[in-house]
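So the structure is just underneath, and the comments pick up after that.
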Amino acid sequence: MRNVIPQDEFKQRRRQLLESLPPHSVALVAANSEVTRSNDTEYPFRQNSDFFYLTGFNEPDAVLLLINDGNPRSVLFCQDKDPKHEVWHGLRLGYTNAVEALAVDSAEDLDTLPERLPELLEGIESVFYPMGEDSVLAELVSEARDEVSVKARRSGKLAPQSLSDLRPQLDAMRLIKSANEVAVMKEAGRISSGAFRRIMRFVEAGKHEYQIAAELHHEFAMNGALHPAYGIISGGGANACVLHYTDNKDELKNGDLLLVDAGAEYQGYAADITRTFPVNGKFSEPQSILYNLVLEAQQAAFAEIKPGSNLVQASEAAARVISDGLTELGILTGDAEENFKEQRWKTYFIHGLGHWLGLDVHDVGRYRDSEGEPVPFKPGMVLTVEPGIYIPEDADVEEKWRGIGIRIEDDLVVTADGFDNMTADVPKTIEEIETWMKGQ
762 MRNVIPQDEF KQRRRQLLES LPPHSVALVA ANSEVTRSND TEYPFRQNSD FFYLTGFNEP
822 DAVLLLINDG NPRSVLFCQD KDPKHEVWHG LRLGYTNAVE ALAVDSAEDL DTLPERLPEL
882 LEGIESVFYP MGEDSVLAEL VSEARDEVSV KARRSGKLAP QSLSDLRPQL DAMRLIKSAN
942 EVAVMKEAGR ISSGAFRRIM RFVEAGKHEY QIAAELHHEF AMNGALHPAY GIISGGGANA
1002 CVLHYTDNKD ELKNGDLLLV DAGAEYQGYA ADITRTFPVN GKFSEPQSIL YNLVLEAQQA
1062 AFAEIKPGSN LVQASEAAAR VISDGLTELG ILTGDAEENF KEQRWKTYFI HGLGHWLGLD
1122 VHDVGRYRDS EGEPVPFKPG MVLTVEPGIY IPEDADVEEK WRGIGIRIED DLVVTADGFD
1182 NMTADVPKTI EEIETWMKGQ
């Protein structure tokens, strides 16, 4: 596959996390387990993002230990080879092959972990793991700690006195993407952009929302991204006013807009694009007015995506454009400045401007620091910028505005002097959309 992250980078991440741990400490991160869909069938497996970030290992039921006890090292516990199981469900790496394949320092059979973990925790002062995420891992740590405590009177080796959340360190690492990660995310953006261009020429009145979603999924898979990064949103007409509309069941109507929010997952990393375009290929006048207002808001936000700025400043820039525009159109009544200060625009721009993007579509990373100040943009941060206007069918506004929902979303990586739009290949201006939909 294209743009695979090299094993050396996973090794470097483990080393960086180890170096952030205090002396005499251990960090644990667990893989996901398969989840039953019905009876004896499972959902497609999706790896725990933290575990994948540190290992690149895509099998279920494994635990990574990073041990900082004077001899810093990584230990992977994973499933053993099992020919009878593998003939049904596919090959396993096996712990005997893990050291060479994954560049960990050592590997052991997962079945031995309950016995081995108390031994590895003897003399350890602090244990770090992602708290609140995995009750099985938390119970495993608790039982191992209790066992060490029982033996402490005779062994002289105390049990860990501190249990801490690993997420702050890991989240901070994941927030800044490496050059390899950006390359993978650009490929996810390229695949997703091609899928959006495809559906813009596929759509027509009489087709259904689910057919649009199917076309997207097909294009993702044909380009090596086997799954969408999240549930595809394909909302025609007033369905676009439901932010996380995933029923995707209605027939598309002539004269309506179609809002599509989707992205491919490639090599574990998400793309996240939204475009809103006319089912019949031509914007009406009210649709054009609101669409251009949302597009202007996105451009205002783009101007704030640069090192030293932050998401709050970008959000305020977009909100100012939308608030003033809605006031000018009479959708918001009263004084423009008061409407902005009182945040009356939130009636129709009802979500945040964007979010971090990476291994999770709503990726980890803080938006404010410990003192409550906005986190400044730095090169390597990846985020979405997605202003929108949503006017429900029962809104107390002129009838021509009712039932219109518009969102425009792109994926940006912060660079040293601004940003790079990784999803710019999808038509976005009214002229670009209408020209593309005509097949020109």
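First residue of the sequence shown? That's 762 in the working numbering, and the numbers climb one at a time after it.
From the three backbone atoms N, C-alpha and C, an ideal C-beta is built for every residue, glycine too.
Computed from a prediction, not measured in an experiment: that's the story for all the values here.
CA nearest to the CA of SER887, picked from LEU924, ARG906 and MET961: Along the sequence shown, read from residue 1 onward, the residue named residue 887 stands at position 126. Selected option, being the one with the closest Cα: LEU924.
C-beta atoms of LEU878 and TYR890 nearer than 8 Å: What you label residue 878 is simply residue 117 of the sequence shown in a count that begins at 1. What you label residue 890 is simply residue 129 of the sequence shown in a count that begins at 1. Their beta carbons are not under 8 Å apart, which means LEU878 does not touch TYR890 by this criterion.
Opening and closing residue of the alpha helix (DSSP H) in which GLU908 lies: Indexing the sequence shown from 1 puts residue 908 at position 147. From DSSP, the alpha helix (DSSP H) with GLU908 extends over 896-916.
Segment contact, 8 Å Cβ cut-off, at least three pairs: the stretch 1131-1146 with the stretch 1092-1102: These segments do not touch.
Closest Cα partner of ALA792 within the set PHE812, LEU871 and SER1049: Position 31 of the sequence shown, counting from 1, holds the residue named residue 792. It is PHE812.
Cβ contact check for the stretch 1181-1198 and the stretch 1069-1076: 3 or more pairs under 8 Å: no
Cβ neighbour criterion (16 or more within 10 Å) applied to PRO875: Position 114 of the sequence shown, counted from the start, is the residue given in the question as residue 875. With fewer than 16 other Cβ atoms within 10 Å, it is exposed.
Cβ neighbour criterion (16 or more within 10 Å) applied to ARG935: As a position in the sequence shown, residue 935 is number 174, starting the count at 1. Answer is buried; the Cβ neighbour count reaches 16.
Coarse secondary structure for TYR804, derived from DSSP in three states: Here residue 804 corresponds to residue number 43 of the sequence shown, with the count starting at 1. DSSP places TYR804 in coil when its eight states are reduced to three.
Nearest-angstrom Cα separation, counted from PRO767 out to LEU779: Mapped onto the sequence shown, residue 779 falls at position 18. Mapped onto the sequence shown, residue 767 falls at position 6. If I take the Cα positions, the gap works out to 19 Å.
Helix, strand or coil at THR1088 [DSSP, three-state]: Working through the sequence shown from its first residue, we reach residue 1088 at position 327. Helix.
6 Å CB neighbourhood of GLY1166 in its chain, flanking five on each side removed: Position 405 of the sequence shown, counting from 1, holds the residue named residue 1166. Around GLY1166: ALA1001, CYS1002, LEU1020 and TYR1151.
ARG774 versus THR816, PHE1038 and ASP1121, residue with shortest Cα-Cα distance: Translated into the one-based positions of the sequence shown, residue 774 becomes position 13. Among THR816, PHE1038 and ASP1121, the Cα nearest to that of ARG774 belongs to THR816.
First and last residue of the uninterrupted beta strand (DSSP E) at SER925: Working through the sequence shown from its first residue, we reach residue 925 at position 164. Segment 923-926, the beta strand (DSSP E) holding SER925.
Through-space distance from ASN809 to ASN819, alpha-carbon basis: Position 58 of the sequence shown, counting from 1, holds the residue named residue 819. Position 48 of the sequence shown, counting from 1, holds the residue named residue 809. ASN819 and ASN809: Cα-Cα distance of roughly 9 Å.
For THR797: DSSP bridge partner residues: The residue labelled residue 797 in the question sits at position 36 within the sequence shown. Paired residue(s): GLU803.
ASP872 versus SER794 - alpha carbon distance: Start at 1 with the first residue of the sequence shown, and residue 872 comes out as number 111. Start at 1 with the first residue of the sequence shown, and residue 794 comes out as number 33. Straight-line Cα distance between these residues: approximately 14 Å.
Residue burial classification, GLU980 (beta-carbon count within 10 angstroms, cutoff 16): Taking the sequence shown and counting its residues from 1, one reaches residue 980 at position 219. Buried.
Beta bridge counterpart(s) of VAL836 as assigned by DSSP: Residue 836 sits at position 75 when you count from the first residue of the sequence shown. Paired residue(s): LEU826 and SER867.
Coil, strand or helix - ALA1023 by DSSP: Here residue 1023 is taken as the residue at index 262 of the sequence shown, counted from 1. Note: ALA1023 maps to strand in three-state DSSP.
Euclidean distance between Cα positions of ARG1163 and THR1088: Numbered from its first residue, the sequence shown carries residue 1163 at position 402. Numbered from its first residue, the sequence shown carries residue 1088 at position 327. Distance between the alpha carbons of ARG1163 and THR1088 is about 16 Å.
Status (buried if at least 16 other CB within 10 Å, exposed otherwise) for ARG915: Within the sequence shown, residue 915 is the residue found at index 154, counting from 1. Flag for ARG915 reads exposed.
The stretch 952-964 contacting the stretch 984-996, beta-carbon criterion three pairs below 8 Å: yes
From GLY1029, ASN1015, LYS1014 and ASP1033, residue whose alpha carbon lies closest to that of ASP1023: As a position in the sequence shown, residue 1023 is number 262, starting the count at 1. In the sequence under discussion, the amino acid at residue 1023 is Ala, which differs from the Asp named in the question. Comparing Cα positions, the closest option is ASP1033.
Best match in LEU782, LYS842 and GLU883 for proximity to ASN829 [C-alpha to C-alpha]: Counted from its first residue, the sequence shown places residue 829 at position 68. The residue with the shortest Cα to Cα distance from ASN829 is LEU782.
Residues near LYS1199 in its chain [Cβ-Cβ closer than 8 Å; skip 5 each side]: Here the question's residue 1199 lines up with position 438 in the sequence shown. Within the same chain, LYS1199 has close Cβ partners GLY1042.
N- and C-terminal bounds of the beta strand (DSSP E) containing ILE960: Taking the first residue of the sequence shown as 1, we reach residue 960 at position 199. It is not in any beta strand (DSSP E) - ILE960 instead sits in the alpha helix (DSSP H) that spans 940-963.
N- and C-terminal bounds of the alpha helix (DSSP H) containing THR1196: Residue mapping note: residue 1196 aligns to position 435 of the sequence shown, counting from 1. Where THR1196 is concerned, the enclosing alpha helix (DSSP H) stretches over 1191-1198.
Helix, strand or coil at ILE973 [DSSP, three-state]: In the sequence shown, the residue the question calls residue 973 occupies position 212. The answer is helix: DSSP assigns ILE973 an H, G or I state.
ASP1172 in three-state terms, based on DSSP: One-based indexing of the sequence shown puts residue 1172 at position 411. If DSSP states are grouped into helix, strand and coil, ASP1172 belongs with the strands.
The stretch 1009-1019 touching the stretch 1141-1155, judged by at least three CB pairs closer than 8 Å: no
Cut-off 6 Å between Cβ atoms - residues of its own chain near GLU965, not counting five sequence neighbours on either side: Against the sequence shown, residue 965 aligns to sequence position 204. Cβ within range, chain order: n/a, list empty.
Per DSSP, cross-strand counterpart(s) of ARG1129: Within the sequence shown, the letter at position 368 stands for residue 1129. The partner list for ARG1129 (beta bridge, DSSP) reads PRO1135.
For ASN1182, the first and last residue of its enclosing beta strand (DSSP E): Working through the sequence shown from its first residue, we reach residue 1182 at position 421. Residues 1179-1182.
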